[in-house]
Every structure is written in C-alpha cells, then in structure tokens.
Amino acid sequence: MELKKKISEAFASHFGGEGTFYSSAGRINLIGEHTDYNGGFVFPGAIDKVIMAEIRPNDTEKVNLYSVDMDASASFGLNEADAPKEQWARYVFGVCREIIKRGGTVKGFDAVFAGNVPLGAGLSSSAALESCFAFALNDLFNGNSIDKFELAKIGQSTEHNYCGVNCGIMDQFASVFGKKDCLIRLDCRSLEYEYFPFKIDGYKLVLVDSVVKHELVDSPYNKRRESCERVAKRLGIETLRDADMAMLDAVKSDISAEDYMRAKFVIGEKDRVLGVCDALNRGDIETVGRLMYETHEGLSKDYEVSCEELDFLNDVAKECGVTGSRIMGGGFGGCTINLVPDAIHDSFIKTVTEKFNERYGHEPKIYDVIISDGARKIEE
Ligand code: ADP
Ligand code: MG
5 MELKKKISEA
15 FASHFGGEGT
25 FYSSAGRINL
35 IGEHTDYNGG
45 FVFPGAIDKV
55 IMAEIRPNDT
65 EKVNLYSVDM
75 DASASFGLNE
85 ADAPKEQWAR
95 YVFGVCREII
105 KRGGTVKGFD
115 AVFAGNVPLG
125 AGLSSSAALE
135 SCFAFALNDL
145 FNGNSIDKFE
155 LAKIGQSTEH
165 NYCGVNCGIM
175 DQFASVFGKK
185 DCLIRLDCRS
195 LEYEYFPFKI
205 DGYKLVLVDS
215 VVKHELVDSP
225 YNKRRESCER
235 VAKRLGIETL
245 RDADMAMLDA
255 VKSDISAEDY
265 MRAKFVIGEK
275 DRVLGVCDAL
285 NRGDIETVGR
295 LMYETHEGLS
305 KDYEVSCEEL
315 DFLNDVAKEC
325 GVTGSRIMGG
335 GFGGCTINLV
345 PDAIHDSFIK
355 TVTEKFNERY
365 GHEPKIYDVI
375 ISDGARKIEE
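Reading the sequence shown from the start, the letters are residues 5 to 384 in the working numbering.
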C-alpha cells in the first residue's frame with residue numbers, strides 16, 4: 005500500500021482525524037569514503053526511499069507515537085528523564101530533546117510514521133527518521149526558525165546522545181539538504197557545500213547489499229584514523245586534506261609501509277571526488293564510473309577495508325560491464341553502489357544475484373535508487 009495512505013489510516017484509527025505530513029530520505033554517497041575524518045570531501049545525495057510521518061500537536065506535554073513498521077506504540081514526556089525504552093522511539097525523543105536544548109520549542113504531539121528505507125543496509129534509515137522529525141518540529145513549533153544545518157546537527161546529536169552512535173554529519177546533512185537530481189559535495193573541513201546536477205540518462209544507480217557484516221576484534225576504523233593522524237603529524241599539517249602525493253613521497257622512508265598506503269588512499273580519494281564532480285559537469289559518466297572503480301581498488305588494496313564478498317560483487321560488476329562500482333560505507337561488509345547502463349540493468353541484477361548466491365549461499369539484496377528530495381512538508 006502507498007506509504008501515505010497506510011500512515012493516514014493508522015493515524016485515523018489511533019488518534020482520530022488527521023495531521024500534517026512530512027518526510028525525509030535515506031541517502032547514498034557516490035564517492036568520498038573515509039574522507040570525513042581527514043577533512044576531505046563527501047558526495048552524497050538523498051534517495052527515493054523515505055520515512056514519512058503524520059503529526060498533530062495535542063495540547064499536552066506528552067508525545068504519543070505509533071510506528072507502523074514496528075506495529076508498536078510509545079509515549080513519553082519531554083524532559084531528559086522521560087527517555088523511552090524502545091530504541092526506535094529514542095530517535096524521536098532525541099530530536100525533541102536536542103531542539104529543546106538549543107532553546108527551541110517542542111510541545112506534545114501525536115504522530116504515526118512509516119518508511120521504506122531498508123534498516124541497517126547502509127542507506128541511513130536512522131538519519132531519515134531524525135531529519136523527518138527535526139524538519140517537522142521546526143515547522144510545527146518553531147516557525148521554521150532553526151536553519152537547515154542546525155536540523156542536521158540535531159539529528160547527529162540525537163545519534164551521539166540518545167542512540168550510542170558516534171557518527172559524522174554526512175547522513176543527516178544529505179537527508180536534510182537533499183534535492184531531486186542533485187548530489188551535494190560537502191567539504192568536511194569547512195562544512196561548505198555545493199550542489200551538482202546528477203543527470204545520468206541511460207544509467208541507473210543500483211545498490212547491492214551483501215547482507216554480511218564482519219565483526220572485527222580490534223577496531224580497524226580507529227587504526228585507520230591513527231595511521232592518517234600519524235602521517236598528517238609527520239607532514240606538519242592538521243589533516244591529510246592538505247597533503248598531496250609529492251609531500252607523501254617525500255616522507256616515505258620515515259613512515260611505515262602501512263601508513264603510506266593508508267595516506268595514499270586518502271589523498272587519492274580527495275582528488276577522485278573532485279574528478280567525479282568535474283566529470284559530472286561535463287556529462288562524462290564513463291569517467292565517473294572509472295573513478296568509482298579506482299576508489300574500490302584503493303579501499304580494497306591500500307586502505308584494506310574490503311572483504312571477500314565485496315570484492316566478489318565488484319568483480320561481477322566489472323565482468324557484466326557495469327560502468328562504475330565500489331564499496332559504499334566504511335567497509336567490511338554492507339553494500340556496493342553501482343552505476344549501471346539501462347541496457348544491462350536487468351541482466352546485471354540477475355547475474356549478480358545468481359553468482360553471489362552460488363558462492364555464499366544467500367542472495368544479496370538489490371535496491372534501485374533515484375536521487376530525490378530530502379526533508380520536506382508534503383502539501384499535496
Ligand atoms: P541505518 O544504517 O539504516 O541508519 P541504524 O541502525 O543506524 O541503521 O538505524 C536503524 C534504526 O532506526 C532501527 O533499528 C530503528 O530503531 C530506527 N528506524 C529506522 N527506520 C525505521 C522505521 N521505518 N520504523 C521504525 N524505526 C525505524
Ligand atoms: Mg544509521
């Protein structure tokens with residue numbers, strides 16, 4: 005059933021009458037991996053998978069939620085001590101609290117929400133949920149006085165302070181700022197951003213979710229970060245954002261072979277993001293794809309955050325003639341993002357599903373995505 009209809013029926017039966025509709029989106033990142041903590045660039049966009057909510061102030065100090073997807077209700081007050089025990093409700097509670105902590109207003113409301121962003125697939129359903137409510141509560145209680153960047157930060161702080169996830173700003177940023185047919189290059193150092201038209205007539209974006217997540221004993225993310233910090237320090241710069249290959253090669257004999265490889269990836273990745281932006285401006289989709297493959301190669305060989313399943317998906321994409329393919333997200337599992345010519349779209353999905361299943365005993369999950377609007381009020 006259509007999302008809005010499903011929500012509106014649940015709202016009528018739980019609370020009676022109707023409220024105002026809002027939605028926000030999940031996101032992809034076309035290129036720019038492990039760049040955020042190095043002060044580099046990311047290049048995300050919002051997608052056509054959303055969380056939608058119907059909301060109505062209830063003239064009390066209490067929030068009453070019904071999650072269609074969880075088929076569960078939760079109620080809470082708006083003070084710090086009122087945190088709900090349901091994990092899914094803590095995302096909404098956190099958004100309320102973070103608005104209040106910033107001096108904004110949140111009063112009681114009734115809300116029903118549902119979505120079609122797959123949970124935990126790397127498309128950031130949690131950011132979609134936070135952004136949907138942050139946007140809505142800004143509109144309903146604050147006359148839209150909170151700026152969009154602050155809305156993204158409210159979502160990020162919700163993850164940090166109420167959900168135990170120490171995430172960067174990219175997911176919430178993309179979810180709030182997302183615009184149809186545009187990707188957004190975010191400079192993680194200055195937080196400046198720029199929209200780039202993402203016109204890929206003749207191609208589709210396809211995510212292939214390996215549905216594996218390798219839990220590693222020592223924290224590989226921290227180790228990667230430490231390598232980057234060590235090299236930056238050796239170069240006398242704050243982050244690898246300010247390094248180039250000539251600088252790195254000049255200190256090659258002073259640093260470990262491992263640190264060299266890590267830094268090489270980060271420096272290359274910064275240039276690849278800029279290269280993809282230029283290529284998009286020229287309408288050169290082949291170059292976009294080639295740079296995506298280069299990123300995969302770097303993540304796999306130099307940064308060493310891939311795994312067998314993801315390398316396998318990348319190889320199959322190459323064999324099928326997919327234009328670009330790479331790991332999306334931190335690595336060690338999750339999905340690949342693929343730029344696929346329309347003509348081979350169906351055959352690629354069939355082949356990759358069969359081959360992966362043959363090799364690993366389960367099918368990957370496939371998601372077609374279209375770059376779409378982020379947080380918004382639904383007027384129609
Ligand atoms: P993701 O990578 O998709 O963001 P997370 O683990 O960060 O994965 O967030 C998933 C959590 O967000 C879910 O466990 C749930 O608590 C909440 N959530 C996401 N989508 C929904 C939804 N449609 N309905 C209820 N809760 C949701
Ligand atoms: Mg998340």
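We treat Cβ as the ideally placed atom computed from N, Cα and C, and that holds for glycine.
- Each residue's CA atom was taken as its position, placing Ser-161 and Glu-102 some 7 angstroms apart.
- DSSP places Lys-152 in no beta strand (DSSP E) but in the uninterrupted alpha helix (DSSP H) bounded by 152 to 166.
- Taking a contact as a CB-CB distance under 8 angstroms, the pair Thr-327 and Val-344 counts as one, their CB atoms being some 7 angstroms apart.
- About 22 angstroms separates the beta carbon of Asp-213 from that of Cys-136, a gap too long to meet the 8 angstroms contact definition.
- Placement of the Cβ of Leu-211 at a distance of 7 angstroms or more from every heavy atom of ligand 1 is found.
- With 16 or more other Cβ atoms inside 10 Å of its own Cβ, His-38 counts as buried.
- Per DSSP, the unbroken beta strand (DSSP E) holding Gly-338 starts and ends at 337 to 345.
- In this structure, ligand 1 has a non-hydrogen atom nearer than 7 angstroms to the beta-carbon of Ser-128.
- Taken atom to atom, the span from the alpha-carbon of Asp-275 to that of Thr-64 is near 53 angstroms.
- If you look at Tyr-95, you'll find it in the alpha helix (DSSP H) that goes 91 to 105.
- Straight through space, the alpha carbons of Ser-27 and Lys-66 are spaced by roughly 22 angstroms.
- Judged by DSSP secondary structure, Asn-285 falls within the alpha helix (DSSP H) whose first and last residues are 261 to 286.
- Per DSSP, Val-212 is one residue of the beta strand (DSSP E) stretching across 207 to 217.
- The segment 311 to 336 contains, as complete beta strand (DSSP E) runs of 3+ residues, the segments 328 to 332 (chain order).
- The alpha-carbon separation between Lys-9 and Glu-22 amounts to approximately 12 angstroms.
- For Met-74, the three-state secondary structure derived from DSSP is coil.
- Distance from the Cα of Val-255 is smallest, within the candidate group Ala-76, Lys-237, Lys-203, for Lys-237.
- Inter-residue distance for Ser-77 and Tyr-70 is about 4 angstroms (C-alpha atoms, whole angstroms).
- The Cβ-Cβ distance between Ser-223 and Asp-263 does not fall below 8 angstroms.
- The continuous stretches of beta strand (DSSP E) do not include Glu-362, which lies in the alpha helix (DSSP H) extending over residues 349 to 364.
- Annotation for Ala-131 indicates a beta carbon within 7 angstroms of some heavy atom of ligand 2.
- Excluding sequence positions up to five before and after Met-74, its CB lies within less than 6 angstroms of the CB of Trp-92, all in the same chain and listed in chain order.
- With a 10 Å radius around the Cβ and a threshold of 16 neighbouring Cβ atoms, Ser-304 comes out buried.
- Taking all protein chains in view, the Cβ of Glu-163 is crowded by 16 or more other Cβ atoms within 10 Å, so the residue is classified as buried.
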